[in-house]
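Just so we're aligned, residue 10 is where the sequence shown starts under the UniProt record's numbering, counting upward by one.
Each residue gets a CB set at the ideal place from its N, CA and C atoms; glycine is no exception.
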Amino acid sequence: LRQQGLKDVDSSQDLDRINDIRVKLLGKKGPIKEALRGMRDLSAEERPKIGQFANEIRDDLTRAIESKRAELEQAKINAQLAKETIDVTLPGSAVSQGQPHVIQQIIDQLVDLFIGMGYEVAVGDEVEEDHYNFEMLNLPKDHPARDMQDTFYVTPEVLMRTQTSPMQARMMEKHDFSKGPLKMISPGKVYRRDTDDATHSHQFHQVEGMVIGKHITMTDLKGTLEVVAQELFGDELKVRLRPSYFPFTEPSVEADITCFNCLGKGCSICKNTGWIEVLGAGMTHPNVLRMAGVDPDVYGGFAFGLGPDRFAMLKYGVEDIRDFYQNDVRFLTQFDQKG
Ligand code: FA5
10 LRQQGLKDVD SSQDLDRIND IRVKLLGKKG PIKEALRGMR DLSAEERPKI
60 GQFANEIRDD LTRAIESKRA ELEQAKINAQ LAKETIDVTL PGSAVSQGQP
110 HVIQQIIDQL VDLFIGMGYE VAVGDEVEED HYNFEMLNLP KDHPARDMQD
160 TFYVTPEVLM RTQTSPMQAR MMEKHDFSKG PLKMISPGKV YRRDTDDATH
210 SHQFHQVEGM VIGKHITMTD LKGTLEVVAQ ELFGDELKVR LRPSYFPFTE
260 PSVEADITCF NCLGKGCSIC KNTGWIEVLG AGMTHPNVLR MAGVDPDVYG
310 GFAFGLGPDR FAMLKYGVED IRDFYQNDVR FLTQFDQKG
């Protein structure tokens, strides 16, 4: 039994087989247990001898089984390790990290620029009260200029803001002018019932800017806008101001930048004008100051609202604003800042 058992153990090549042998030889129904059970029929003289003999066989087999099991387990681990070896010299596969959207990149650049000039950044809500989006900006309910910005209404008094200008009124109301001028920018999304085309989207972005204090002039406005244009485009593209109309500024201007596509010669994108409109601005209307609790005889200043979508088109030569909103990763990853 011992010899056959040891041979069986020795020749087995897997752990299941070892287990079978253990059950067969050492288990409750196995020959050793059987022999030990039969001891009560033996004489007192024979009993210790046979007992010792059976125990020796059991111990030998147990040792052989355990050492074979350890050997097979080790072999299994070794095989697994060999299979899973990592070649650290192989190039890794790159993990895609994502990046800010190209329009957010433009906004971040502008925010950095203005923070550097001492402006505070105020982020408003996209769902706004009619009161702040229009009335506080000198646009009472029946004012014809409301048609300039076709509006998505949520209720008669609540709307999707059509511009970031409501932040002008909100910030003026909060500001303590005895502590110095208000200098703020407010970036964010705005909504209009515009028909989508190459340069118009029903949802786009604006960055509002406002400076209110003492002795602020239109020259300050022009200088500020030039700094913005130079920051984004260098000195190549030109800026031009055109007289315009906004109910909340007087005088009002619109600023255009040379068309990126035809460089001023005229093409379908700029409707043959050579220019693309990027922002509206002006000197804050006395009514707007008054409504926000600011004395127009003491304080004044300028405001502007620019379109980072249009800036992004100009900067990167994107011909259709809708490309920014279709979330095509192949398009968006072209503007990866990490290169
Ligand atoms: C305004 O929204 C004014 N609130 C700007 C302003 C602020 C004037 C402060 C005076 C003082 P306007 O509707 O022109 O103005 O829009 C401003 C800019 O937003 C435009 O110059 C343009 O760059 C961008 N814009 C307007 N409509 C769209 C549109 N549908 N899609 C993409 N960009 C647009």
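Pairing residue 294 with residue 240 gives a Cβ-Cβ distance that is not under 7 Å. DSSP places residue 162 in the uninterrupted beta strand (DSSP E) bounded by 162-164.
Taken from the Cβ of residue 287, at least one heavy atom of the ligand FA5 lies inside 6 Å.
Look at residue 286 here: in three-state DSSP terms it is strand. In chain order, 218, 288 and 290 place their CB closer than 6 Å to the CB of residue 313, counting only its own chain and leaving out the 5 sequence neighbours on each side. Under DSSP, residue 316 takes part in no beta bridge, so it has no partner. DSSP, reduced to helix, strand and coil, places residue 155 within a helical segment of the structure shown.
DSSP places residue 25 in the uninterrupted alpha helix (DSSP H) bounded by 24-35. The straight-line gap separating the alpha-carbon atoms of residue 166 and residue 101 is approximately 56 Å. Closest by C-alpha distance to residue 199, out of 188, 206, 211 and 36, is 211. With a cutoff of 7 Å on beta-carbon distance, residue 70 and residue 34 are scored as near each other. Judged by DSSP secondary structure, residue 338 falls within the alpha helix (DSSP H) whose first and last residues are 338-341.
For residue 308, no alpha helix (DSSP H) encloses it, and the DSSP letter there is neither H nor E. Shown here for residue 40: same chain residues with a beta carbon closer than 8 Å to its own, the five before and five after excluded, namely 10 and 34 in chain order.
Per DSSP, reduced to three states, the secondary structure at residue 250 is strand. At a threshold of 6 Å, residue 238 does not count as near the ligand FA5, since its beta carbon sits no closer than that to any of the ligand's heavy atoms.
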